[in-house]
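A short worksheet on the structure shown next.
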């Protein structure tokens with residue numbers, strides 16, 4: 004479990020795909036944590052298991068499903084990534100509970116600076132839009148955000164300076180694919196309602 008509050012930015016050291024495996028290596032400086040091989044870390048909102056640690060380099064296997072349903076497959080060497088460590092019992096939950104399981108990939112359709120904030124429009128698929136409500140929570144590449152407006156398949160979001168400066172949102176480009184995790188409580192409620 005995670006909270007959508009980004010604690011570190013990592014740097015992609017390598018990403019490789021073969022017929023046998025896909026592997027991602029990220030350099031994360033000053034992690035100051037007791038993360039061990041086998042532990043989970045959220046990378047751009049995707050819960051990944053640490054395979055190997057060599058100094059500040061963290062290696063992860065990417066399953067075929069992860070490659071298929073997330074935007075991690077778009078990463079290239081030297082890309083920056085959002086990193087969050089798993090929740091502990093004594094950790095503040097400043098964002099909202101997230102699982103690190105991506106529901107869909109959104110497309111950045113619009114970004115503009117408005118005073119000291121940034122206004123974003125993200126296009127998502129129709130299936131996922133039913134789980135998003137105005138003033139509800141959503142996670143973009145692992146960043147917990149509040150939805151300003153949802154209009155069919157367009158989600159409007161406002162990014163405050165702290166979030167902009169401390170996440171990969173500052174590197175976003177129009178047309179970019181973004182990992183989206185909707186509020187998992189909404190998914191459970193629908194399952195209970197519809198059987």
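Residue numbers (the working numbering): 4 to 198. Note that CB positions come from ideal geometry on N, CA and C, so glycine has one too. From a predicted model like this one, the values you see are computed outputs, not experimental measurements.
* Would residue 13 pass as a contact of residue 98 if the rule is Cβ separation under 7 Å? -> no
* **Cβ-based neighbour list, residue 3, same chain, cut-off 7 Å, excluding 5 preceding and 5 following** => It is not possible to answer for residue 3, since the shown part of the chain is limited to 4 through 198.
* To do: List the residues that DSSP assigns as beta-bridge partners of residue 109.
  => 181
* Find the nearest neighbour of residue 125 within the set 160, 139, 82 and 22, judged by alpha-carbon distance. => 160
* **As assigned by DSSP and simplified to three states, the class of residue 77** => helix
* Expected contact under 8 Å - CB spacing of residue 10 and residue 87 to nearest Å -> 6 Å
* **Closest Cα partner of residue 111 within the set 128, 100, 79 and 118** => 128
* Per DSSP, the bridge partner or partners of residue 20 -> 25
* Per DSSP, which residues does residue 5 bridge with? Please list them. => 101
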